[in-house]
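Asks: Attaching a single structure in C-alpha cells format; questions to follow.
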Amino acid sequence: VDSGDNLHVVWYGMDEATFDKIWYVKYDGSWGTPIVISTAAGMENYTQQSTVIAVGSTTDLHVIWEGKACIGYRLSPFQRLC
Numbered sequence: 432v433d434s435g436d437n438l439h440v441v442w443y444g445m446d447e448a449t450f451d452k453i454w455y456v457k458y459d460g461s462w463g464t465p466i467v468i469s470t471a472a473g474m475e476n477y478t479q480q481s482t483v484i485a486v487g488s489t490t491d492l493h494v495i496w497e498g499k500a501c502i503g504y505r506l507s508p509f510q511r512l513c
C-alpha cells in the first residue's frame, strides 16, 4: 500500500503461451487492468517467478523476481533494467 492508500499487487502466472510471467495490477478504489512487467529481451520464452514488491519513500514501486533468463528488477513506472 502506498502513501495514497493504493494497493499494488504482483504475482506470477501463465500468459497466453505456456510460461509464467510477472503480473502487476493497482487498486485505487477499483481494479486496474493487469499487465505483464517481465518483458525484458530474453525473458519471453522462460518462466519468471518468486516475485516481491516494495514501496519506496517516494512511492516508487520496486519489483524483484527470479527467472531463468536473469534476475529481474523493475522500478515504477516499470522501466526495464534487466
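Each residue of the sequence shown is one higher than the last, beginning at 432 in the working numbering.
Here a beta-carbon is modelled for each residue, glycine too, at the ideal position from N, C-alpha and C.
Using only the alpha-carbon positions, how far apart do residue 439 and residue 452 sit?
Replies: 17 Å
Asks: Would you list, in sequence order, the uninterrupted beta strand (DSSP E) runs of no fewer than 3 residues that lie entirely inside the segment 453 to 505?
Replies: 479 to 486 and 492 to 498
Asks: Rounding to the nearest angstrom, what Cα-Cα distance links residue 435 and residue 467 in this structure?
Replies: 23 Å
Asks: Considering only residues of the same chain and omitting the five flanking positions on each side of residue 488, which have a CB-CB separation below 8 Å?
Replies: There are no such residues.
Asks: For the segment 442 to 449 against the segment 469 to 488, do three or more pairs of beta-carbon atoms, one drawn from each stretch, fall closer than 8 Å, so that the two count as touching?
Replies: yes
Asks: Near residue 481, which residues of its chain fall below 8 Å by C-beta distance, leaving aside the five closest residues on each side in sequence?
Replies: 443, 496 and 497
Asks: How far does the beta strand (DSSP E) with residue 435 in it reach, from first residue to last?
Replies: That residue, residue 435, is in no beta strand (DSSP E); it is neither H nor E in DSSP.
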